[in-house]
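One structure below.
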Amino acid sequence: MTYASLSPQAALPSPSTAVWQLGPVPIRAYALCIIIGIVLACWVTERRLRQRGVAPGAVLDIAVWAVPAGIIGARIYHVITSPEKYFGAGGDPMKAFAIWEGGLGIWGAVAGGAVGAFIAARQLGIPFGVVADALAPGLPLAQAVGRFGNWFNNELFGGRTTLPWGLEIHRMDPDNPGHALRDDAGQPILEPGLYQPTFLYEALWNLGVVALVLVLDRRLKLGRGRAFALYVMGYTAGRFWIELMRTDEANQILGVRLNVWTAALVFLGALIYFVRVRGPQEFLIPLGAAATPVPTGTSDLSQVDLSAREASARTAAPEGYRVVSEEQYHAWRDSGVLPAESVGDDDRPAGGSVAAADDAPSTGDEAEDGTPQTRDDRADATGARPADRDS
Numbered sequence: 002m003t004y005a006s007l008s009p010q011a012a013l014p015s016p017s018t019a020v021w022q023l024g025p026v027p028i029r030a031y032a033l034c035i036i037i038g039i040v041l042a043c044w045v046t047e048r049r050l051r052q053r054g055v056a057p058g059a060v061l062d063i064a065v066w067a068v069p070a071g072i073i074g075a076r077i078y079h080v081i082t083s084p085e086k087y088f089g090a091g092g093d094p095m096k097a098f099a100i101w102e103g104g105l106g107i108w109g110a111v112a113g114g115a116v117g118a119f120i121a122a123r124q125l126g127i128p129f130g131v132v133a134d135a136l137a138p139g140l141p142l143a144q145a146v147g148r149f150g151n152w153f154n155n156e157l158f159g160g161r162t163t164l165p166w167g168l169e170i171h172r173m174d175p176d177n178p179g180h181a182l183r184d185d186a187g188q189p190i191l192e193p194g195l196y197q198p199t200f201l202y203e204a205l206w207n208l209g210v211v212a213l214v215l216v217l218d219r220r221l222k223l224g225r226g227r228a229f230a231l232y233v234m235g236y237t238a239g240r241f242w243i244e245l246m247r248t249d250e251a252n253q254i255l256g257v258r259l260n261v262w263t264a265a266l267v268f269l270g271a272l273i274y275f276v277r278v279r280g281p282q283e284f285l286i287p288l289g290a291a292a293t294p295v296p297t298g299t300s301d302l303s304q305v306d307l308s309a310r311e312a313s314a315r316t317a318a319p320e321g322y323r324v325v326s327e328e329q330y331h332a333w334r335d336s337g338v339l340p341a342e343s344v345g346d347d348d349r350p351a352g353g354s355v356a357a358a359d360d361a362p363s364t365g366d367e368a369e370d371g372t373p374q375t376r377d378d379r380a381d382a383t384g385a386r387p388a389d390r391d392s
């Protein structure tokens, strides 16, 4: 017997299969959605990093650290907040490693990914605030795509509803993960009634957060991690009310789901950061091999060795970056001339970061009698070496 006849005709369907076999290899929709989301986030982040002066391809170096750390953090958060599924009576501790069956906590993903991104930024000599702001619109875009993995898995839906966009839910086979139970006629079995499509609500909300970050970042020129804080506020505001709609099992505090409390606390933390932190956007000038921008003027193309230039662009990697203002960055892009080092303590990025400027506005040392002297080493002439900076 099926329950499809008990549902109104107007409804959102759910897939009855979330795993496909490609020979001996299982292709899981949940994993595909996560991977597509990561690729989109990397694409958006790469474009935004390059707009700030970061060398091409830096996002891959960041992703190598951030993606695995984010997945590990997401799984750790899920296991810690739902330990009974793995360590309680009848639980299987080995299932804690079965990521493909679902169970990734976004809070752990953001925390773990931030740690990975911080490590990568420190190695590349990029201020962490620049990386975080570049990630800000890409993360909710990735989350929007990832939520469709829950749709394929027929999970994380809300309560019963009579709305025309109510969601049909299949009764999944516990002995054959990724597949719906079937009746004697071979038809997938539906749960009775329709349910709130919270996966869709969150996906649409996240797309709204993407637009919010892009629009306000363009108008307000958010810097010092404030674009990332805006993303966190936008996401947690939506997650708060969407979480209240969900009916899946979850640990509770004072009768309220743990994730509701987490969303509220993280929102407050992001709001405090957004209000308290101030400062302009940071732009970067690469130092060393990649320090010369491509001229913007006209030239005789017949006398330019394009193949050599392209090969140089592929192999050259900056030894570090110098933090400058937006005006200085565009002037450097147009002229190729490094701006004078005139950034004082008040203009440094918050948190003692990767600035190439010295504490004093002068670019030279002073002798004991106070007479400025020229410094002839490359690090002082163009900015601090990576080893001389904190990220």
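In the numbering used here, each residue carries its 1-based index in the sequence shown increased by 1. For each residue, glycine too, the CB sits at the ideal point set by N, CA and C.
Item, Value
"With a 10 Å radius around its C-beta and 16 neighbouring C-beta atoms as the bar for buried, classify H171 as buried or exposed.", "buried"
"Per DSSP, which one or two residues make a beta bridge with H180?", "T18"
"Rounded C-beta distance between F149 and C34? I'm assuming under 8 Å.", "5 Å"
"Quick check on this structure: which residue in Q282, R334, L266, A318 has the alpha carbon closest to the alpha carbon of W108?", "L266"
"When the Cα of R247 is compared with those of N151, F158, K96, which residue comes out closest?", "F158"
"Throw me the rounded Cβ distance for the G160 and Q197 pair, which I believe falls under 8 Å.", "6 Å"
"By the 10 Å Cβ neighbour count, where 16 or more other Cβ atoms means buried, how is A122 classified, buried or exposed?", "buried"
"What whole-angstrom Cβ distance do I120 and V55 have, given they're in contact under 8 Å?", "Rounded, the Cβ-Cβ distance is 16 Å, inconsistent with contact."
"Would you kindly work out how many angstroms separate the C-alpha atoms of I81 and V325, rounded to a whole number?", "43 Å"
"On a CA-only basis, which of V278, L217, W262, D184 is nearest G226? Give me that one, please.", "V278"
"Smallest Cα separation from D184: which of A19, G194, M173?", "M173"
"For G139, which residues in the same chain have their Cβ closer than 6 Å to its Cβ, ignoring the five residues on either side in sequence?", "A42, V45, T46"
"Can you give, in chain order, each stretch of the alpha helix (DSSP H) that sits fully within the region 188 to 256 and has at least 4 residues?", "199 to 221, 227 to 246"
"Taking the C-alpha atoms as reference points, what is the distance between Q124 and L205?", "35 Å"
"Select from Y236, I190, A75 the residue whose C-alpha is nearest the C-alpha of Y202.", "Y236"
"Pick from A341, H331, G289, S15: whose alpha carbon is nearest that of P319?", "G289"
"For T162 versus L191, is the C-beta spacing smaller than 9 Å?", "no"
"Under three-state DSSP, which class holds G159?", "strand"
"Compute the Euclidean distance between the alpha carbons of V338 and V26, then round it to the nearest angstrom.", "55 Å"
"According to DSSP, simplified to helix, strand and coil, what is G321?", "strand"
"Using DSSP with H/G/I as helix, E/B as strand and the rest coil, what is W152?", "helix"
"In this structure, does DSSP put R123 in helix, strand or coil?", "helix"
"Mind checking which residues open and close the beta strand (DSSP E) that includes V26?", "26 to 29"
"In three-state terms, what does DSSP make of L339?", "coil"
"If distances are taken between C-alpha atoms only, which option among H79, A99, A97 comes closest to G113?", "H79"
"Check this for me: beta carbons of A332 and A271, under 9 Å apart or not?", "no"
"Roughly how many angstroms separate the alpha carbons of G24 and D134, rounded to a whole number?", "42 Å"
"Should W242 be labelled buried (16 or more other beta-carbon atoms within 10 Å of its own) or exposed?", "exposed"
"CB G179 to CB A19, shorter than 9 Å?", "yes"
"From the DSSP output, in three-state form, read off L285 for me.", "strand"
"Mind reading off the beta-carbon distance from S15 to N155? Whole number of angstroms is fine, and I expect it under 8 Å.", "5 Å"
"Which term fits P287, buried or exposed, when burial requires 16 or more other beta carbons within 10 angstroms of its beta carbon?", "buried"
"Going by DSSP in three states, L50 sits in which element: helix, strand or coil?", "helix"
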